[in-house]
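See below for the structure under consideration.
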Amino acid sequence: MMCGIVGYTGPRGMETILLVGLERLSYRGYDSSGIATIYNGELSTWKKPGKIRELEATLKNFTIKGHVGIGHTRWATHGEPNELNAHPHLGNEGKVAAVHNGIIENYTHIKQKLSEKGHIFRSVSDSEVIPHLIETYLNGSLESAVEKTVKELEGSFAIAVISESDPDKIVVYRKGSPLIIGVGKGENFISSDVNALMPHTKEVIYLDDDEMAIISKENVIIKKSGNIVQKKVNHISWDAAQAEKSGYDHYMLKEIHEQATVSRQIIAKSISKQNKVGFKHVESSMTYLEKVNRFIIQACGTSWHSGLVGKYWLEQYARIPTEVDISSEFRYRHMISRENEIIIALSQSGETADTLACIREAKSKFFNVLSFVNSKGSTMDRESDGVIYTHSGPEIGVASTKNYIAQLISLYLFTIFIGRLKGTLSEEKADKMIQSVKKIPEYIDSILGNTDAIKTIADKYYLSREFVFIGRGVNYPTALEGALKLKEISYIHATGYPAGELKHGPIALIDAKLPVVCIAPQSDTYNKMIANIEEVKARKGKTIIIATEGDTQIQSLADDIIYIPSFCHDLTPILSVIPLQLFAYYIAIKLDCDVDQPRNLAKSVTVE
Ligand code: M6R
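In terms of the numbering used here, the sequence shown opens at residue 145 and continues consecutively.
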């Protein structure tokens with residue numbers, strides 16, 4: 145399950161704190177939610193299928209009291225999203241409540257064993273075995289019951305537990321799924337990510353695997369294998385307001401519009417006054433970078449698309465052979481590690497289960513790992529040998545937008561950095577590349593100034609049930625990303641192809657009803673791209689073309705055209721994707737889809 149967990153112990157209104165936390169975590173899962181609290185030694189739970197607002201409406205009919213509580217927002221893996229399968233789950237006697245993020249792989253075995261002893265299970269969720277098992281061990285402290293329970297659980301999990309037997313505590317345990325403790329004064333919090341903690345505290349402790357925390361309003365005690373461990377309290381620099389909609393209708397739209405600012409931030413943080421690119425968390429920890437002779441990039445979804453673009457840059461300018469793989473495939477390949485090869489992991493969240501598993505597998509084979517992550521303090525951040533932060537701030541919309549741009553710019557800057565380091569890039573060329581990067585923010589602003597025109601085109605095509613996206617070279621991944629954006633938020637089937645591949649099969653799809661989005665900025669393959677668009681036109685396909693400002697030649701081939709500023713060809717993926725993000729957004733709006741929380745998805749995919 146990819147879910148959100150929150151918890152609070154302290155004097156403030158339990159209901160508000162848990163609900164605000166769940167709302168801020170709802171991008172992690174949003175098919176049902178629930179809370180449990182203890183008041184006067186008695187446990188109560190409230191659960192509801194649907195979005196958090198359903199739970200909120202239910203809670204209005206009750207007075208929620210108590211100073212210890214946990215909450216959960218669910219993305220279903222085992223069992224449909226109904227009230228029974230919603231968390232928190234209770235033990236057999238209803239004295240223990242638990243919320244869980246992850247998957248308990250051996251739950252059928254545990255369930256059967258407990259059923260034989262007379263336990264009655266109310267749901268079909270794997271998670272329900274957790275409070276049942278804890279209850280069976282509750283003859284000492286809650287803490288020792290949790291310790292015994294987790295020894296029996298197989299799989300990945302983050303759990304938070306409260307019990308009538310220990311009414312002032314929340315006990316949490318992490319094995320494979322993220323869990324963060326927010327440290328307050330006379331109050332403490334837990335959450336699956338920092339986003340839910342930001343309105344309350346900026347002091348956080350990241351739990352590592354196999355760590356347990358016993359949390360009361362005055363104290364946080366962390367243990368590993370029974371021994372107390374001292375953990376660093378980290379300060380979060382993000383501002384709570386950054387995770388608000390700030391007047392936009394949706395987070396996605398706000399995040400699309402933040403892309404110029406994000407690119408300015410990256411430039412300010414990574415390029416020195418002397419025009420040198422620097423990454424302090426890489427230079428200090430990965431001194432062997434100079435010797436690298438192959439990169440293997442692995443990532444999922446949108447992050448994989450930025451990896452595909454990165455390959456072009458790293459090979460062309462740094463002259464380093466680069467492979468790109470989807471993490472869920474890579475982790476089961478029998479990777480061969482050779483000297484001086486480095487794994488690059490790309491991830492917005494830094495928690496994606498498949499990408500994280502690859503990192504661990506790679507490290508076990510003695511690869512060095514460099515991660516590009518947005519979430520500071522995330523598991524990938526902590527487990528990688530070197531880290532490049534993508535500085536895009538909290539990204540809440542499930543469809544990744546600003547972090548894609550941030551990953552691309554960071555990969556380009558990294559290419560310059562490594563090219564200089566290895567001597568494969570002349571100083572003159574590197575300077576030119578840096579000058580180009582500095583133009584990105586103003587070009588993004590100019591594309592965003594054209595939003596109305598893109599909306600008009602979206603309004604024209606929103607009833608089409610299928611789209612094809614084509615591009616070449618660095619803009620082939622743009623075609624993949626444009627198609628992914630459209631399908632994930634509007635539920636319209638869309639596929640991206642390298643334009644040259646059309647004639648090998650996909651061209652059979654083209655008829656007068658099929659819109660084909662052609663990403664065709666000026667480039668060394670521009671004429672080839674024109675030929676491919678001609679092929680589409682010859683079969684009466686409708687063409688929506690992304691072209692370079694001033695390109696009049698292409699107009700005769702376009703049913704609709706969106707211009708992007710004239711820019712060095714390599715960097716066009718950073719610009720050409722923006723109209724596609726807006727196109728997907730406005731189609732989804734026209735179809736009345738929930739763009740920030742599309743069905744069946746979750747922002748942070750913490751299960752395999
Ligand atoms: O957090 P990550 O970058 O590791 O996430 C990878 C994918 O799950 C993510 O990019 C996903 O494809 C987005 N929904 C795309 O918009």
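Idealized CB from N, CA, C, for every residue including glycine.
These numbers come from a predicted model, not from an experiment.
heavy atom of the ligand M6R below 8 angstroms from residue i C-beta
i	result
residue 445	yes
residue 543	yes
residue 451	no
residue 335	no
residue 634	no
residue 513	no
residue 472	no
residue 205	no
residue 490	yes
residue 747	yes
residue 547	yes
residue 629	yes
residue 495	yes
residue 499	yes
Alpha-carbon to alpha-carbon, residue j and residue i
i	j	result
residue 690	residue 220	38 angstroms
residue 752	residue 435	33 angstroms
residue 696	residue 707	11 angstroms
residue 702	residue 682	12 angstroms
residue 526	residue 500	11 angstroms
residue 486	residue 567	18 angstroms
residue 579	residue 700	34 angstroms
residue 748	residue 493	6 angstroms
residue 670	residue 664	7 angstroms
residue 644	residue 698	18 angstroms
residue 189	residue 236	14 angstroms
residue 239	residue 303	16 angstroms
residue 256	residue 175	27 angstroms
residue 599	residue 613	18 angstroms
residue 617	residue 207	60 angstroms
residue 328	residue 592	40 angstroms
Test item: CB-CB of residue i and residue j under 9 angstroms
i	j	result
residue 406	residue 306	no
residue 814	residue 573	Since the first residue shown for the chain is 145 and the last is 752, residue 814 is missing from the structure and cannot be characterised.
residue 622	residue 726	no
residue 178	residue 211	no
residue 187	residue 234	yes
residue 633	residue 489	no
residue 746	residue 246	no
residue 248	residue 232	no
residue 735	residue 606	yes
residue 165	residue 333	yes
residue 396	residue 740	yes
residue 374	residue 366	yes
residue 552	residue 710	no
residue 657	residue 686	yes
residue 409	residue 535	yes
residue 331	residue 476	no
residue 518	residue 530	no
For residue i, the residue or residues it bridges with in DSSP
i	result
residue 442	469 and 489
residue 610	637
residue 307	240
residue 364	359
residue 649	Residue 649 is not bridged to any residue.
residue 346	DSSP, once it has assigned bridges, lists no residue as partnering residue 346.
residue 690	663 and 706
residue 421	415
residue 642	615
residue 149	216
residue 233	242
residue 371	368
residue 301	246 and 320
residue 394	Residue 394 is not bridged to any residue.
Any C-beta of chain C under 9 angstroms from that of residue i
i	result
residue 317	Looking for chain C here will not work: only one protein chain is present.
Subject >> Ordered list of beta strand (DSSP E) runs contained in the region 310-340, each at least 3 residues >> reply: Complete beta strand (DSSP E) runs here, min 3: 314-319, 324-327 and 332-335.
Subject >> Contiguous beta strand (DSSP E) assignments of at least 3 residues, all confined to the region 246-293 >> reply: As far as the region 246-293 is concerned, it has no whole beta strand (DSSP E) run of at least 3 residues.
**OP:** Could you tell me which uninterrupted alpha helix (DSSP H) segments, each at least 4 residues in length, are contained entirely in the region 507-548, listed from first to last along the chain?
**Re:** Counting whole runs of 4 or more residues, the region 507-548 contains the alpha helix (DSSP H) stretches 523-527.
**OP:** Please specify which runs of the alpha helix (DSSP H), each continuous and at least 4 residues long, are wholly inside the region 165-222, giving them in chain order.
**Re:** You should have 196-203.
Original post:
Fully enclosed by the region 551-603, which alpha helix (DSSP H) runs are 4 residues long or longer?
Top reply: The qualifying runs are 571-592.
Original post:
Curious, which full-length beta strand (DSSP E) runs of at least 3 residues does the region 704-744 contain?
Top reply: As summarised for the region 704-744, the continuous beta strand (DSSP E) elements at least 3 residues long and confined to that stretch are 704-708, given in chain order.
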